[in-house]
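With numbering that gives the first Met the number 0, letter number 80 in the sequence shown gets 79, and the count goes up by one each step, no holes. The beta-carbon is built from N, C-alpha and C at its ideal position, and this holds for glycine as well. Single-structure report; data block below.
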Amino acid sequence: MKLSIITINKNNAEGLRRTIESVVAQTLDDFEYIVIDGASTDGSVDVIRQYEDRISYWVSEPDKGIYNAMNKGIARANGEYLLFLNSGDYLVDKNVLVNVVAYELKEDIVYGEQLVEKNGSLQKTLFLEPESISFYSFIKSSLPHQCTFICKNLFDKIGLYNESNKIVSDWEFNMLALFKYNVLLRKINCPIAVYDSTGISSDVSLSKIHQEEKKRVLYTYFPRIMKDVESIEALKRSRLYRILEFCRKLKNLFL
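Structure, rendered in structure tokens:
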């Protein structure tokens, strides 16, 4: 089996229904679908039961947070590649998985295109190409987890998601994969999923926690590199740098 799709949910019955319907509509026959529910009380379990004949495994029980739920899904998965499509996110059409398999995935991490709903229309979210990703650029960016297929063996090599984080553990995993384990990364020109912008990762009230968790990860695993990053950031805050940037923009404008 090539693919396992994992959906986690807690008290988001409406979003869960949309997610499940996009998965069970897939034209690919050979894939596994796992749903991990955190003891929802809003009717989510009723939604799951409506589709349980199309779900390979599901459970509804208390968990210790998002990443604990995702780790439960990993433990149950049998596919070679895992896709985390959490409740509210949904696959763009019924042929997504057929299209992905046609790319003959061989790399450790493969990501496609993400769409987001804005003003009643779907817009593509831009992410860096693999060759443009650097340590410095990835500090302020990430991979779209709902569009990213991760080789399950990587979780044996790197470890499961860090359950002590509230927001950034998928970013932490990718950071370690790319810059500590130097895994093979590939982007495919294939729309995968529509991102639910009402989720926790988009909650601006949690931005402080987001930054604190990122900083803790960076200084835990890459303390020496972070000294250089600090120097770069200090330079960018300097008056001379701002003047040079202004001159560069003027040059581009008139030449």
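task: With DSSP collapsed to three states, give me the class of residue 111.
output: strand
message: Just to confirm the assignment, what range does the beta strand (DSSP E) spanning residue 81 have?
response: 80-83
message: If the criterion is Cβ atoms closer than 9 angstroms, does the pair residue 160 and residue 148 meet it?
response: no
- prompt: Quick check: the region 126-145 against the region 49-65, are there 3 or more CB pairs under 8 angstroms?
  reply: no
- request: Let me know if residue 188 comes out buried or exposed under the rule of 16 or more other beta-carbons within 10 Å of its beta-carbon.
  value: Counting Cβ neighbours within 10 Å, residue 188 comes out exposed, since fewer than 16 surround it.
- prompt: Taking buried to mean at least 16 other C-beta atoms within 10 Å of its own C-beta, is residue 38 buried or exposed?
  reply: exposed
query: How many whole angstroms separate the CB atoms of residue 151 and residue 80, which I take to be in contact at a CB cut-off of 8 angstroms?
result: 7 angstroms
task: Could you check how far apart the C-beta atoms of residue 186 and residue 220 are, in whole angstroms? I think they sit under 8 angstroms.
output: In fact, because the Cβ distance is near 24 angstroms, the residues do not count as touching under 8 angstroms.
query: Do residue 192 and residue 91 come within 9 angstroms of each other at the CB atom, strictly closer than that value?
result: yes
- prompt: DSSP on residue 141, reduced to helix/strand/coil?
  reply: coil
query: Roughly how many angstroms lie between the CA atoms of residue 59 and residue 117, to the nearest whole one?
result: 32 angstroms
- prompt: Would you call the CB atoms of residue 35 and residue 63 closer than 9 angstroms?
  reply: Contact: no.
message: Just verifying my parser: in three-state terms, what is the DSSP assignment at residue 191?
response: strand
field: Exposure label - residue 6; buried when at least 16 CB within 10 Å
entry: buried
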